[in-house]
Amino acid sequence: MNSTILKAATRILMALILIFAIYMLLRGHDDPGGGFIGALITSAAFVLYKFAYGSEETRKIMVLDSRGISMLGIGCAIAAGLMSLFTGKTFLTGLWLPAYVEGRIPLPVSTVLLFDIGVYLAVTGAVLTIVLALEEDR
Amino acid sequence: MNLTRLRLPAHLPVSPLAAWVGAAISFFFLVLLLGFLPAVARDGEVIRLAIEWIPALGIDLSFRIDGLSLLFGLVISFVGLLIFVYSSAYFRGDPEATRILIVLVAFMLAMLGLVLADHLIALFVFWELTTITSFILIGTRHEDALARRNALQAILVTAGGGLCLMAAIILLGEAAGSYQLSEIITRDLTDHPHYSAILTLVLLGCLTKSALFPFHFWLPNAMAAPTPISAYLHSATMVKAGLYLLARLHPSLAGTDLWFWSLAVTGGITAVWSSIQALKQRDLKLMLAYTTVMALGTIALFLAADSGKALMAALVFLLVHALYKAALFMVVGNLDKAAGSRDWSVLKGLRRFMPWTFAAAVLAALSMAGVPPFFGFIGKEILIAASLAVPAGTFWFTGAVVVSAALMAGVAFFLMTSPFFGDRATPPKKRLSAAMVVPPLLLAALGLIAGPFASFLPITPLLQSAALSLSREAPTIELTLWHGFGPVLYISIGILLAGAALARFFVPVHRVLYHSPGKLSLTADRVYDGILHGLLSLAEVLTLVLQNGRQRFYVMTIFSTLVGLIGLTALNRSFLPPALLGGIEGIPLYQWILCAFIALSVLLIVFSHSRMLAICALGTAGTGIALFFVIFSAPDVAMTQFMTEILVVIILTLVTLRLPVFHNYAPGFGAGRIRDAAIAIASGVCVSALMLSMVHEPVDLSVSDYYGANSYTEAKGRNIVNVILVDFRAMDTLGEIVVVAIAGLACHALIKLRRYSRGQRFDARNLP
Amino acid sequence: MEVVLCILTGLIVACAIYLMLDRNLVKFLFGLVLMSNAANLILFSAGRLTLNSPAFIEAGETLPPEHVANALPQALILTAIVISFGLLAFSLVLSYRAYQEIGSVDMDELGGNTSLSLDADTDERAVNNTIRAEL
């Protein structure tokens, strides 16, 4: 697919979609959104980029290999779960930064957020792995 | 010094270390159990030891040492000790010796566990362990197809009985309200509504294990095992496990006609039938195997009765049998090793060459025949006395005892004479070491000593306390040789005379029986074969039908079953409460339009002839469902659904465009498609009906309410759905992202990691 | 509305099964997608339908409103959607690879080894037969 309009539009859209995806991810705890939705939106952004520029280019703009991303995500989720063990609570108990609990920062910095980020990365990585693998098999 | 002279010559292999380890273990247990003897046998105490095993299920590893278990435990460890000593010589130079002996040690421990266990589940585990080790040991010579077949037969029969026993144990535990034997035996379960089921299942378990009629056939076949194994497992210990359990459960289950007659008939038939079978054998080991079955039958026969005298008789005979039978097996093993044959028509005149084995054979056989002053004589006297005193079925009991005892006496006299007398020019090939001669001699000598000294040795109190475990009113029977003149003594003498006559004319009797035209065409062994064949054929047919590798067939089977099951349930319940259909009123128009949109999209997928159209319709259907989620207050779900729908369309397009066009493999609307449509419509109707009856039921919102109430206070989140995902049920989510990641990796692997070039057909041989 | 949803889901299930019974592998995959959608709808109806009241806690409140939507089935469906996407992707790739290897998407050509037989036990059977002969 070689379309100048698509290529040009993709550059702007890509940035917008990714920002939107991160927004959806971070607001997920209080409003509609969350890791799964953010991940699917992000994947859609990369798929769009792939259609415009091809999978070679897409792989270049991804910092990590897609499989690495999904493994990183699972790592984040497990790490979020392990943190509560240090405070003597059971695996995957939520812990919040005191600053958020006292209302001084708006972002809920917590192991729950880390877990959601883990979900986000794992699903993004998995979807991109599938799509890129299918695309590259010619 | 010439070092080469120190090397062991190749033909003199070291004796297997494992045998001595086994001997040490059995010696340890023997001493341990003897330590309990004064307390249990003299003072009548019951010792109980318990270790927590599976506390969550209330199963603990508890042991109970009373007279009965102590009697069995002592027999197991004492015979075990001698068998291990014997094995050290018997298996000398056998490359498999260590393996065999390790399994034998495992068996011994399992057997000890079985008789000492107090918890029924623990008993069952040990029971199955003995079955498995027995299977391995029968199949020791596994390069021989016959040995494999016999091992398989043994495990199928005994493990099949084991399954029945498991059911029995559960019923028993529930009926008695406890799985502890100590508790169960204090209860009388004969009035329980499940009594006959429990008894039948227990009997199935015990009859198979103890090779009683009609499951007697596996034991002679199990003689494929090496002789020490046969002597230990299939004569002295394992086959007694069934009898042990019957004796153990005697207080709670005995006393009914069902118990009495099932055991009396089974035991009697087994005893007489196998005694006749013993006469037909040429192989001495098989002959002994059949006499073992006879002994098992006799013990079962007397366990049928409820009187203390009969139970005492069963236990005395059990001990007598353990002493002489293991010795005789070892004698036959010696003959086999030294002279290279177990066929009595070949073995002749070995008396001069094997004097000690001959001595052991004579001592053991005299005890078996029941000649005074041997312990066997006491055993037989008490059997006859008890059979005469049985309240019901006296004729049956006495008849079975007399006939089988006379035949046994004949076999015994024959065994101690035939191989040892007569002329033999050449001495046997091998010389036997002391380890092969002492154990049988010791056992047989014990049979001689136990006779006259029964009152002085702790045997009497041990047997009495064992009988006390079976029945509350065990009489104090004096184990003495002389009971005065009376019918018992006359019958006993008659049996001996008949036995002597039989031994004198053994060969002609054998010949008549061997060539008798009355060979039954329907033997139990054949029935077993037939059943096994039938099962295999059934499995083959079922596999061919159900696992035919056709995906469509699987789908069809699954959904037809679904329809059938739901349909059956629907016949019993009333679906579709009419009031529910009134719920259609008041649905706004836009919802109708949305539903119609979804329905049309779905139908379009089914009827479209173009791939792209179908994919688009799939997308619109999914989007419609996403809208549905939006309307009904599920924004998160709607967004997820919408985004996946986009991705689904993309990857479907990527793949299906590379697949061939939408070819219709079944053109037209033939019978096949009508059948498919019928299954599909029926399934759809079933799902609708199920859902309708589901929404008709009241909904339980307690879990959802809990999450709603704690979402902010506990988890500091206002989006309850997201809080459930990442906090309350985070463990599930973790599992799910792992699954998704694995699906991604699997796709990658399927497409990218190909070791063989494109176009080449897959062939496992090409894989590295 | 529940009643209509029940009937609609039944229709989707029927179409999904009809597609899954097709000899064309691609149609089977379409059926799979529809089936997972139907499963989600069944789950959703189990939690009952609620109009215009998503499962959120208002700012300043600590408890959700009185008749809020049932959040539990929503959470289950959300993950089910993603999982079924993974399943679909895997089956698609598998079908694609099967097509590459075998060269057909006809279900009846892809599988069905009717020559399946249990030859491994012939040895044991021979033994059983000889034993029978000896008896």
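Residue numbers (our numbering), protein chains in the order written: chain A, 32 to 169; chain B, 3 to 770; chain C, 11 to 145.
Glycine is no exception: its CB is placed at the ideal position from the N, C-alpha and C atoms.
Hey, how far is the Cα of residue i from the Cα of residue j?
i: residue 87 of chain C; j: residue 53 of chain C; result: 7 Å
i: residue 395 of chain B; j: residue 137 of chain B; result: 37 Å
i: residue 67 of chain B; j: residue 31 of chain B; result: 13 Å
i: residue 86 of chain A; j: residue 77 of chain A; result: 9 Å
i: residue 102 of chain A; j: residue 114 of chain C; result: 35 Å
i: residue 132 of chain B; j: residue 233 of chain B; result: 15 Å
i: residue 12 of chain B; j: residue 158 of chain B; result: Summary for residue 12 of chain B: the model assigns pLDDT 41, below 50, so the residue's position carries little reliability; its value from the coordinates is reported in the next sentence. So the two alpha carbons sit approximately 41 Å from each other.
i: residue 652 of chain B; j: residue 95 of chain C; result: 12 Å
i: residue 61 of chain C; j: residue 84 of chain C; result: 14 Å
i: residue 451 of chain B; j: residue 359 of chain B; result: 18 Å
i: residue 194 of chain B; j: residue 377 of chain B; result: 41 Å
i: residue 129 of chain A; j: residue 115 of chain A; result: 15 Å
i: residue 38 of chain C; j: residue 106 of chain C; result: 13 Å
i: residue 323 of chain B; j: residue 431 of chain B; result: 31 Å
i: residue 281 of chain B; j: residue 311 of chain B; result: 31 Å
Between the options, which has its C-alpha nearest residue i's C-alpha?
i: residue 271 of chain B; options: B:383, B:536, B:91 and B:209; result: B:209
i: residue 342 of chain B; options: B:538, B:405 and B:429; result: B:429
i: residue 373 of chain B; options: B:453, B:756, B:275 and B:88; result: B:453
i: residue 363 of chain B; options: B:561, B:422, B:684 and B:638; result: B:422
i: residue 89 of chain B; options: B:632, B:317, B:217 and B:230; result: B:230
i: residue 102 of chain B; options: B:77, B:23, B:175 and B:741; result: B:23
i: residue 172 of chain A; options: A:62, A:69, A:40 and A:143; result: Chain A is shown from 32 up to 169; residue 172 of chain A falls before or after that span and cannot be answered.
Taking the alpha helix (DSSP H) that residue i belongs to, which residues open and close that run?
i: residue 90 of chain A; result: 86-92
i: residue 738 of chain B; result: 732-754
i: residue 554 of chain B; result: 553-574
i: residue 53 of chain A; result: 35-58
i: residue 151 of chain B; result: 147-178
i: residue 305 of chain B; result: 286-306
i: residue 109 of chain B; result: 99-118
For residue i and chain A, any beta-carbon pair shorter than 8 Å?
i: residue 720 of chain B; result: yes
i: residue 88 of chain C; result: yes
i: residue 750 of chain B; result: yes
i: residue 92 of chain C; result: yes
i: residue 653 of chain B; result: yes
i: residue 103 of chain C; result: yes
i: residue 724 of chain B; result: yes
i: residue 99 of chain C; result: yes
i: residue 96 of chain C; result: yes
i: residue 678 of chain B; result: no
Assuming residue i is part of the beta strand (DSSP E), what are its boundary residues?
i: residue 191 of chain B; result: Taken as a continuous stretch (DSSP letters only), residue 191 of chain B belongs to no beta strand (DSSP E), as it is neither H nor E.
i: residue 52 of chain B; result: 49-56
i: residue 212 of chain B; result: Careful: residue 212 of chain B lies outside any beta strand (DSSP E) and carries neither H nor E.
i: residue 61 of chain B; result: 61-67
On the CB-based measure, 16 or more other CB atoms within 10 Å of its CB, does residue i come out buried or exposed?
i: residue 541 of chain B; result: exposed
i: residue 276 of chain B; result: buried
i: residue 383 of chain B; result: buried
i: residue 347 of chain B; result: exposed
i: residue 33 of chain B; result: exposed
i: residue 261 of chain B; result: buried
i: residue 164 of chain B; result: buried
Chain C beta carbons: is any one of them nearer than 8 Å to that of residue i?
i: residue 72 of chain A; result: no
i: residue 67 of chain A; result: yes
i: residue 157 of chain A; result: yes
i: residue 597 of chain B; result: yes
i: residue 78 of chain A; result: no
i: residue 94 of chain A; result: no
i: residue 105 of chain A; result: no
i: residue 148 of chain A; result: no
Indicate whether at least one CB of chain B lies closer than 8 Å to the CB of residue i.
i: residue 40 of chain A; result: no
i: residue 117 of chain C; result: yes
i: residue 42 of chain C; result: no
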